[in-house]
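Here is the structure we will look at, set down as structure tokens.
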Amino acid sequence: MNRRSREELAARVALDIPEGAYVNLGIGLPTTVANFLPAGGDYFLHSENGLLGMGPAPAPGEEDPELINAGKQHVTLLPGGCYFHHGDSFAMIRGGHIDICVLGAFQVARNGDLANWHLGDPDAIPAVGGAMDLAVGARQVYVMMEHLTRTGESKIVERCTYPLTGIGCVKRIYTDLAVIDVTARGLEVRETVAGLTFEHLQSITAAPLIDGRQRSALA
Amino acid sequence: MNRRSREELAARVALDIPEGAYVNLGIGLPTTVANFLPAGGDYFLHSENGLLGMGPAPAPGEEDPELINAGKQHVTLLPGGCYFHHGDSFAMIRGGHIDICVLGAFQVARNGDLANWHLGDPDAIPAVGGAMDLAVGARQVYVMMEHLTRTGESKIVERCTYPLTGIGCVKRIYTDLAVIDVTARGLEVRETVAGLTFEHLQSITAAPLIDGRQRSALA
Amino acid sequence: MIDKSINNVAEAVRDIPDGAVVLVGGFGTAGMPVELVDALIDQGARELTIVSNNAGNGEQGLAALIKARRVRRILCSFPRQADSHVFDELYRAGSIELEVVPQGNLACRLEAAGAGLGAIFTPTAYGTQLAEGKETRTIDGKHYVLEYPIHGDVALIKAHRGDRWGNLVYNKSARNFGPIMARAARCTIAQVNELVPLGALDPEAVVTPGIFVQRIVNLAAGQALAEGLA
Amino acid sequence: MIDKSINNVAEAVRDIPDGAVVLVGGFGTAGMPVELVDALIDQGARELTIVSNNAGNGEQGLAALIKARRVRRILCSFPRQADSHVFDELYRAGSIELEVVPQGNLACRLEAAGAGLGAIFTPTAYGTQLAEGKETRTIDGKHYVLEYPIHGDVALIKAHRGDRWGNLVYNKSARNFGPIMARAARCTIAQVNELVPLGALDPEAVVTPGIFVQRIVNLAAGQALAEGLA
Numbered sequence: 002m003n004r005r006s007r008e009e010l011a012a013r014v015a016l017d018i019p020e021g022a023y024v025n026l027g028i029g030l031p032t033t034v035a036n037f038l039p040a041g042g043d044y045f046l047h048s049e050n051g052l053l054g055m056g057p058a059p060a061p062g063e064e065d066p067e068l069i070n071a072g073k074q075h076v077t078l079l080p081g082g083c084y085f086h087h088g089d090s091f092a093m094i095r096g097g098h099i100d101i102c103v104l105g106a107f108q109v110a111r112n113g114d115l116a117n118w119h120l121g122d123p124d125a126i127p128a129v130g131g132a133m134d135l136a137v138g139a140r141q142v143y144v145m146m147e148h149l150t151r152t153g154e155s156k157i158v159e160r161c162t163y164p165l166t167g168i169g170c171v172k173r174i175y176t177d178l179a180v181i182d183v184t185a186r187g188l189e190v191r192e193t194v195a196g197l198t199f200e201h202l203q204s205i206t207a208a209p210l211i212d213g214r215q216r217s218a219l220a
Numbered sequence: 002m003n004r005r006s007r008e009e010l011a012a013r014v015a016l017d018i019p020e021g022a023y024v025n026l027g028i029g030l031p032t033t034v035a036n037f038l039p040a041g042g043d044y045f046l047h048s049e050n051g052l053l054g055m056g057p058a059p060a061p062g063e064e065d066p067e068l069i070n071a072g073k074q075h076v077t078l079l080p081g082g083c084y085f086h087h088g089d090s091f092a093m094i095r096g097g098h099i100d101i102c103v104l105g106a107f108q109v110a111r112n113g114d115l116a117n118w119h120l121g122d123p124d125a126i127p128a129v130g131g132a133m134d135l136a137v138g139a140r141q142v143y144v145m146m147e148h149l150t151r152t153g154e155s156k157i158v159e160r161c162t163y164p165l166t167g168i169g170c171v172k173r174i175y176t177d178l179a180v181i182d183v184t185a186r187g188l189e190v191r192e193t194v195a196g197l198t199f200e201h202l203q204s205i206t207a208a209p210l211i212d213g214r215q216r217s218a219l220a
Numbered sequence: 190m191i192d193k194s195i196n197n198v199a200e201a202v203r204d205i206p207d208g209a210v211v212l213v214g215g216f217g218t219a220g221m222p223v224e225l226v227d228a229l230i231d232q233g234a235r236e237l238t239i240v241s242n243n244a245g246n247g248e249q250g251l252a253a254l255i256k257a258r259r260v261r262r263i264l265c266s267f268p269r270q271a272d273s274h275v276f277d278e279l280y281r282a283g284s285i286e287l288e289v290v291p292q293g294n295l296a297c298r299l300e301a302a303g304a305g306l307g308a309i310f311t312p313t314a315y316g317t318q319l320a321e322g323k324e325t326r327t328i329d330g331k332h333y334v335l336e337y338p339i340h341g342d343v344a345l346i347k348a349h350r351g352d353r354w355g356n357l358v359y360n361k362s363a364r365n366f367g368p369i370m371a372r373a374a375r376c377t378i379a380q381v382n383e384l385v386p387l388g389a390l391d392p393e394a395v396v397t398p399g400i401f402v403q404r405i406v407n408l409a410a411g412q413a414l415a416e417g418l419a
Numbered sequence: 190m191i192d193k194s195i196n197n198v199a200e201a202v203r204d205i206p207d208g209a210v211v212l213v214g215g216f217g218t219a220g221m222p223v224e225l226v227d228a229l230i231d232q233g234a235r236e237l238t239i240v241s242n243n244a245g246n247g248e249q250g251l252a253a254l255i256k257a258r259r260v261r262r263i264l265c266s267f268p269r270q271a272d273s274h275v276f277d278e279l280y281r282a283g284s285i286e287l288e289v290v291p292q293g294n295l296a297c298r299l300e301a302a303g304a305g306l307g308a309i310f311t312p313t314a315y316g317t318q319l320a321e322g323k324e325t326r327t328i329d330g331k332h333y334v335l336e337y338p339i340h341g342d343v344a345l346i347k348a349h350r351g352d353r354w355g356n357l358v359y360n361k362s363a364r365n366f367g368p369i370m371a372r373a374a375r376c377t378i379a380q381v382n383e384l385v386p387l388g389a390l391d392p393e394a395v396v397t398p399g400i401f402v403q404r405i406v407n408l409a410a411g412q413a414l415a416e417g418l419a
């Protein structure tokens, strides 16, 4: 089957972001979604450390140590962007002003529970950042992740075994194998990669799926 | 006796405001205290509609309808002053950042209860403005008022009969007859106007007073 | 390209429904979005709940809206003023409901709405008539009243300059409730004196980021248009 | 004349006592008041509680303070980073206490402190480990956790420019926690790159009004002085 590369996955997520959306892209893989938003369109990227209208990485040599994103990477500000403090920034997040947030995840449960901040190892140093605020505050929380762990376990589960970031907050899951909506009916598969049957996807997924793929009239 | 005029009362209050204090002067009589602060000193006047570093009234013809104080009078801004929104303005007030607030009053009770927003008439249209925030938020709440009503009743009372603005909030009362501190021991008279005995003051005041006037070593 | 600007106040307020909760900026007349309120009068929405610091001054703006009997209920801190006769008369006639909210509680309830808080314990009004029947709590020896957010369906505000992404700066004490109402409403409509090109506002000095503004009406353009048509 | 400026970081932090709650601005290294933190290390205060978004980067600033064993307890949202080895080591050795606070709750608890609120119902962390044992409430069908203000004895922040009344403006994303920490502390000490004359800052663009700042350290002057002495 045609497993999506990280770039293909980011490009797929980008397809679902409409022009004019206020979007927060989580640290790591989600950040790369910005690279696939159509050039020339107005997309409003928010970074929780106080930026709206975040632009791409600066040219080499033009990095400013005081202009970074939430992942502490050097970025730029677009004309029309602005700066604000953490209080205002999280008012944007918790107050429901962010249309879409894209986060990575360790696990997503059938009911939309999200686990992405802690693997539960008692020796690990916990660090949550803004993940819990984004999970509860953004109007749409999208998760992008590998469908399976490196050891082949499903990251989509009946119930999260890792500590939760937010309850019932995930609306859509993008993996290297499928796009799945979390709905009142359960996990509805919208797309699968070429060469992957619904049955195969179900067989490697640790929660019941519903086949919600739309077949075009021509199929 | 030597009843203080409104100007003398304002001048007396001004004497107790140290340079560098952040001060909110209530609508009406308290506003005039500003006229008696020493010229050349740095006094930080706050107005709850979003000004800090408020200056005097503008020259005739230079009024700006969008530069007004809480009493909706035209004012100016000093160099070093700034503008902010109502959220920030009341954070200054409620957060304990205002050193001194001077308010008018209908009544002050022995325990520092303040009544200054409503005469309790059921037909009256209630209007509170920022008085309750100032009463509870400023570090020191000073009241300036006539000692007696027009009909000769004491405005200092055992218990307020008018609806309260704040409980136990008044620290000091300046009247046309005396300066009185509200302390754990009760109402301590600090000063009386020339020609007024403590006994006379007590006889026209509807709450017990303590003679706390300091006599200078030379008296 | 995203362009939130509209050249016409009528167009900007066209879909405000009957019964809407409308936050109206201004402290007295400073910052009052008179042109937007006039457009709302022309538009005809009824049974409105208005949240504003005052209940109208003279015969203009909010006073005119009240006079036109479009307001069922008003939340404000200071309705009674020297020139609030329009409100006073309707209130005494029992034709308009009033909730008096201390000014700082009005501010922090709007802020709570904008920031997604469920409720806040505020010290203001504890022990007074305005806290009667409300939940209270003593925390670290201080008394507090539980207050809930005030969400608007619409906010009408006045700013000084803005750009097509909705970024705003204000003028002096006309700023007052604008920024906190902008974030408390589902649809914020700002009238500005000047629409400037994207990037013309200093990104360090934007007071209301465009995320809080859905429509921006350039009064200068509206006027130029009206003059062109005349 | 009121002049809050001090030319010397050592003088600015001289009276911070052992056991103080110190709010330290910065998000990673952006906005970290390195010079003030270094002065605090030299000053010697111990048993500090630090509130900061991170638990130090590399060996500088907050990391150096932690390495010097001056910190008993730290509240932050994101201690674990690629370059947080100083904190990591002491934490694993049980030599430093950690309270992990979601970043937005850290922000709104600081804001609540600055604004005089007694407590707030925030939706963040409901149903998670970080809300265990905390009071919760359902309001209008949404779940909230009750959180309390975080007050600082001192705030150490970095701004870009300031004046002698303590008015501040910041630089880009170095603004982050500065403005909300300034208002949450009893004594806010700001280091600035440039001290400008009163009135030089645009009154519409002041981010932190001087009322929230008690001391302002002009690093440029300190450096000039040091060079003069050398």
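Residue numbers (this note's numbering), protein chains in the order written: chain C, 2 to 220; chain G, 2 to 220; chain S, 190 to 419; chain D, 190 to 419.
The beta carbon of each residue, even a glycine, is placed where N, CA and C say it ideally should be.
What you are looking at is a predicted structure, and each value in this text was computed from that prediction instead of being measured.
Is the Cβ of residue i closer than 7 angstroms to any Cβ of chain S?
i: Phe310(D); result: yes
i: His86(C); result: no
i: Ile346(D); result: no
i: Glu63(G); result: no
i: Asn50(G); result: yes
Given that a residue counts as buried once 16 or more other Cβ atoms are within 10 Å of its Cβ, and exposed if not, what is residue i?
i: Gly29(C); result: exposed
i: Asn382(D); result: exposed
i: Gly81(C); result: buried
i: Ala40(C); result: exposed
i: Lys73(C); result: buried
i: Pro209(G); result: exposed
i: Leu178(C); result: buried
i: Glu63(G); result: exposed
i: Gly196(G); result: exposed
Compare the C-beta of residue i with all C-beta atoms of chain G and state if any pair is closer than 7 angstroms.
i: Ile405(D); result: no
i: Asp231(D); result: no
i: Ala296(D); result: no
i: Ile191(D); result: yes
According to DSSP, simplified to helix, strand and coil, what is residue i?
i: Val406(S); result: strand
i: Gly220(S); result: coil
i: Gln318(D); result: helix
i: Val385(D); result: coil
i: Gln149(D); result: Because chain D in this structure spans residues 190 to 419, residue 149(D) falls outside the shown range and cannot be described.
i: Glu192(C); result: strand
i: Ser217(C); result: Reliability fails at Ser217(C), whose pLDDT of 45 lies under 50, so the model's placement of it is uncertain and the value that follows must be treated cautiously. In this structure, Ser217(C) counts as coil in the three-state DSSP scheme.
i: Ile94(G); result: helix
Does chain C have any CB closer than 7 angstroms to the CB of residue i?
i: Gly399(D); result: no
i: Gln318(D); result: yes
Along chain G, in chain order, which residues have C-beta atoms closer than 8 angstroms to that of residue i?
i: Asn197(S); result: Simply none; closest approach about 24 angstroms.
Taking 7 angstroms as the CB-CB cut-off, is residue i touching chain D?
i: Leu264(S); result: no
i: Gly138(G); result: yes
i: Leu79(C); result: no
i: Arg95(C); result: yes
i: Cys170(G); result: no
Given that residue i touches chain S, what residues does it touch there, using C-beta distances under 9 angstroms?
i: Ala388(D); result: Ala is not the amino acid found at residue 388(D); the sequence shown has Gly there. Those within 9 angstroms of Gly388(D) in chain S number zero; the least Cβ separation is about 15 angstroms.
i: Arg326(D); result: Gly307, Ala308
Run through chain D and tell me which residues come within less than 8 angstroms of residue i, C-beta to C-beta.
i: Glu20(C); result: Result: empty, since nearest Cβ-Cβ is about 25 angstroms, beyond 8 angstroms.
Taking Cβ-Cβ distances shorter than 9 angstroms, what residues in chain C pair up with residue i?
i: Pro268(D); result: Ile126, Pro127, Ala128
**Prompt:** Along the chain, which unbroken stretches of the beta strand (DSSP E) at least 3 residues long are found entirely within the segment 36-77 of chain C?
**Reply:** 45-48, 52-56
**Message:** Please give the ranges of any beta strand (DSSP E) in the segment 250-335 of chain D, keeping only runs that are unbroken, at least 3 residues long and fully inside the region.
**Reply:** 260-265, 286-289, 308-311, 325-328, all fully within the segment 250-335 of chain D.
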